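Encoded as structure tokens, the structure appears first; notes follow it.
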Amino acid sequence: YTPRPGVQEGVDDESWFTAVQAYLSTVKAGGYQQLPIDPYRILGRGDGAFLHDKYTEIGVWAAADLITAGDVQVITSGTLSLEVLGSKGAVAVVLRLLHQSVTFVSCHLPANSHDERLTALRAVDECLGRDGLGFPASPGAFLLGDVSHHAVWLGDFNFRLKVGAPPAEEGINLLKAGRVKEYATLFDEWGFLQSQGYFEGWQEPVMSEHFFPTYKKIAGREFPADGSFSPSEYKFVHNEPWYKGGGTTAKPPAFCDRILHRSMDGVGLLAPVPGAY
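If you want this note's numbering, it's the position in the sequence shown, counting the first as 1, plus 5.
Here's what the structure looks like:
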């Protein structure tokens, strides 16, 4: 992974995949193998990456013995770009795992507004299976959850404050007091979308007591040794770059990076490991 100032996406090379492979080789006898998929990324330019491409991508590893036995197979992969020149969008791969199929989706959604995110979420849900993965549209609605027995949708959703949330300063004060769960209840955008009936069937693992907001953190921050919440990790006021108009804006911490899942009726449910999220 080659970092660039202000860029959280992958940039330039495949060293991130190399690092994952190196780690996985230490955790299981017989090791893991990366499954080749193509396409696997969306390339583009944009915020913090005007001279170098940045990307949203996905990689798949499986235990070598399962691959050898034919228990894990790639069915197809595809992409859905949400920008003309940028890297925001979704990349998906459909796998056959034993006798069931699972779709994994990696996404990076717009940061500008709630309306843009909702439009992007709908585009991924409604169009990725047909336009990205090449599945023929069935009569009526054909959503991402219809592609396979199970689906896991993860990445940087850029969720921020929900519509109608209390003032940002109130939320910041809650976090500074360590009241993280209360903050999530009052402010989380995904929770608001679900309460409005959007994306029925999609679930999120139960947040553990250590699932703290992932945005916006300070570079070079120190982590509390006991794993507790620390307001000093966060940048509550952000200086916008000149090409975004300059000035300063309040940036209440948000749960931007999430994992969602759903399963078809009658095939059993995916079961996240308790306390692991």
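C-beta atoms are modelled at their ideal positions from N, C-alpha and C, and glycine is treated no differently. Fair warning: this is a prediction, and the values are worked out from it, not measured in the lab.
Residue environment: residue 135 is assigned as buried (16 or more neighbouring CB atoms within 10 Å of its CB, all protein chains considered). For residue 48, same chain residues with a beta-carbon under 8 Å away, outside a window of 5 residues either side, are 58, 59, 60, 92 in chain order.
Rounded to whole angstroms, the gap between the alpha carbons of residue 42 and residue 178 is 46 Å. The C-alpha of residue 155 is placed about 8 Å away from the C-alpha of residue 274. Secondary structure at residue 93: coil, using DSSP grouped into helix, strand and coil.
A contact is defined here as three or more CB-CB pairs under 8 Å, and the segment 113 to 127 fails this definition with respect to the segment 172 to 191. In terms of Cβ geometry, residue 109 and residue 63 form a close pair [threshold 8 Å].
For residue 26, the closest C-alpha among the options 220, 162, 67 is that of 67. DSSP, read as helix, strand or coil, puts residue 157 in strand.
Listed as beta-bridge partners of residue 110 by DSSP are 97, 158. Taking 8 Å as the cut-off, the beta carbon of residue 38 is found closer than this to the beta carbon of residue 69. Taking residue 168 as the centre and dropping the five residues before and after it, the same chain places the C-beta of 119, 197 closer than 7 Å to its C-beta, in chain order. The Cβ atoms of residue 190 and residue 137 do not sit closer than 8 Å to each other. DSSP places residue 168 outside both helix and strand once states are collapsed to three, so it counts as coil. Burial check for residue 226: the Cβ neighbour count within 10 Å stays below 16, so the residue is exposed.
In terms of CA proximity to residue 113, 164 leads the group 75, 164, 235. Going by beta carbons, residue 262 and residue 161 fall inside the 8 Å limit.
Distance from the CA atom of residue 81 to the CA atom of residue 158, rounded to whole angstroms, is 16 Å. Residue range 262 to 268 is occupied by the beta strand (DSSP E) that includes residue 267.
A residue is called buried once 16 or more other Cβ atoms fall within 10 Å of its Cβ, and residue 237, having fewer, is exposed. At the C-beta level, residue 111 and residue 95 come within 8 Å of one another. The DSSP-derived three-state label of residue 31 is coil. According to the DSSP assignment, residue 195 belongs to the alpha helix (DSSP H) that extends over 194 to 200. Across the structure, residue 212 and residue 153 are spaced so that their CA atoms are roughly 25 Å apart.
DSSP lists no beta-bridge partner residue for residue 72. Judged by beta-carbon spacing, residue 210 lies within the 8 Å limit of residue 277, meaning their Cβ atoms are closer than that value. DSSP places residue 180 inside the alpha helix (DSSP H), whose first and last residues are 173 to 181. Listed in chain order, the non-local C-beta contacts of residue 268 below 7 Å within the same chain comprise 154, 155, 274, 275, local neighbours out to five positions each way being set aside.
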